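Every position in the sequence shown, counted from 1, becomes a number in our numbering once 86 is added. Beta carbons: idealized from backbone N, C-alpha and C, even for Gly. Quick caveat, the model's predicted, so the values are computed rather than measured. Input: a single structure, listed below in structure tokens.
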Amino acid sequence: MNRAEFKRQVLSLFSESVDGLSLEEKVNYIENLLIEYQKMNEDERDTSNKGESWTDEELKIVLSSAPTKYNCMKYARIFKRGYGSIEQIYRWAATTDKMIQEKRPNDAFVKRIKKVAKELGLRV
């Protein structure tokens, strides 16, 4: 199938009604499906930095944006990492210090995330 035919079929599908969803609800649903599709096919995109250390600058960039599915996918693609690693950064940044002391008191990466989050003025 060529691109023009693919586009025609996708746009045609987007035009179908879906269980009474409004246009805005349908667009949100489509956006979530696109993120889900990208997560399912993560092994087909460049994740060459997966497992590598994060720089403070990269952490600042990630933590400067809201922890949405869209931003998780955006930064996973930009930094060539897995979707889950971005989710994890947001999760640890939002975890209380008390909980970190209980679960990961000596984890250097978690400490760096919390340090960067504090520098940005984020609070839990």
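Item                                                                                                                            : Value
Residues of its chain near Tyr169, where Cβ-Cβ distance is below 7 angstroms and the 5 sequence neighbours each way are ignored : Lys125, Glu128, Cys158, Met159 and Ala162
Residue nearest to Phe165 in terms of C-alpha spacing, selected from Lys146, Phe100 and Arg190                                  : Lys146
With 16 other Cβ atoms within 10 Å as the buried cut-off, status of Ala203                                                      : buried
Unbroken alpha helix (DSSP H) run spanning Asp129, endpoints                                                                    : Segment: none, Asp129 is in no alpha helix (DSSP H) and carries neither H nor E.
Inter-stretch contact at 8 angstroms, needing at least 3 Cβ pairs: the stretch 132–142 / the stretch 191–207                    : yes
Residue burial classification, Leu97 (beta-carbon count within 10 angstroms, cutoff 16)                                         : exposed
Expected contact under 8 angstroms - CB spacing of Val148 and Ile175 to nearest Å                                               : 5 angstroms
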